[in-house]
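Counted from 1, the sequence shown has number 167 at position 182 by my numbering; the numbering is strictly sequential.
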Amino acid sequence: MTVVWATDEADYFDWSEPLAAGRIVQDDRIAPRVGWSAVVRKGQVLTIVDVGGNQSGDFLCYSAADTVERYSVPDTLAAQRNAYLVEGSVLMSNEGNPLMTIVGNEIDRQDTIGGACSKESNTLRYGHHTLFHHACRENFLREGAKHGLGPRDLVSNINWFMNVPVEADGTLGIVDGMSAPGKRVALRAEMDVLAVISNCPQVNNPCNDFNPTPLRAIITEADA
Ligand SMILES: [Zn+2]
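This is the structure in structure tokens:
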């Protein structure tokens, strides 16, 4: 296996427009393997762009007013009665409130079952030599620390642009993505939310096509 490190950011251009109309209030490029966070105000839309293609954007969100209220996989899946996130899916909190709604989506489905990578799980799955590979859990901890969050605040997450098929017998896989350069997903905040992204550094399985590439996060606000 040849690992191609996407160290030359200039290799990846992105001319995507946000997936929602309105004024751009924030537009950030997220370098390969690093984290990002921002508060998205109620009514604003966060568009995440898979700049290089097949790049997992691990994602958590919290109520900005009280981060004890946070994204909940079981509440979200139970509410929509489906294993995949698609356009129209509502990201539910552990208190049963809508955090964000998917208002635009350019791949068939998005994953919220596969979980995030960590140094610990890497060593179990891929061998002790991977112990020093940077992982999503470290990105979440580093970004979360900027907002007073710690290890106990990390919960099961969403993996934008990652392909985790649920087979007919219930088997889960992590396989080559369905995404491609420039594919987008857009989330409207239903309350003020703290959004945290880990641009996944994983190179031991196909979730990033063995080639971590940039993401982009654009926040728009409807014109008054
Ligand atoms: Zn990861």
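Where is the CB? At the ideal position from N, CA and C, for every residue including glycine.
Check                                                                                                                                                                 : Outcome
Is it a yes or a no for the segment 51 to 64 touching the segment 75 to 95, going by three-plus beta-carbon pairs under 8 Å?                                          : yes
Which residues in the same chain as GLN187 place their Cβ atom closer than 6 Å to its Cβ, once the five residues preceding and following it in sequence are excluded? : CYS102, ASN193
DSSP three-state call for VAL112: helix, strand or coil?                                                                                                              : The sequence shown places Gly at residue 112, not Val. In this structure, GLY112 counts as coil in the three-state DSSP scheme.
Rounded to a whole number of angstroms, what is the C-alpha to C-alpha distance between ARG26 and ASN142?                                                             : 20 Å
Please determine whether the Cβ atom of ASP43 lies at a distance below 6 Å from any heavy atom of ligand 1.                                                           : yes
Report the rounded CA-to-CA distance for PRO136 versus PHE125, giving the unit in angstroms.                                                                          : 9 Å
What do you reckon, are the CB atoms on LEU4 and ARG173 nearer than 7 Å?                                                                                              : no
Given the structure, does CYS185 come close to ligand 1, in the sense that its CB is under 6 Å from one of the ligand's heavy atoms?                                  : yes
Could you spell out where the beta strand (DSSP E) holding LEU31 opens and where it closes?                                                                           : 30 to 35
Are there three or more Cβ pairs, one per stretch, closer than 8 Å when the segment 64 to 78 is compared with the segment 197 to 209?                                 : no
Does the segment 155 to 164 touch the segment 5 to 24, meaning 3 or more C-beta pairs lie closer than 8 Å?                                                            : no
Please state whether DSSP places PHE(-2) in a helix, a strand or coil.                                                                                                : coil
Is it the case that the CB of CYS46 approaches a heavy atom of ligand 1 more closely than 6 Å?                                                                        : no
Mind pulling the beta strand (DSSP E) runs of 3 or more residues that sit fully within the segment 93 to 163?                                                         : 143 to 145
Would you give the residue range spanned by the beta strand (DSSP E) that LEU62 belongs to?                                                                           : Per DSSP, LEU62 belongs to no beta strand (DSSP E); it is in the alpha helix (DSSP H), 58 to 65.
Does any residue of chain D have a CB that is nearer than 7 Å to the CB of LEU179?                                                                                    : The chain inventory of the structure shown lacks chain D, comprising one protein chain alone.
Rounded to the nearest angstrom, what separates ASN196 and MET147 at their Cα positions?                                                                              : 13 Å
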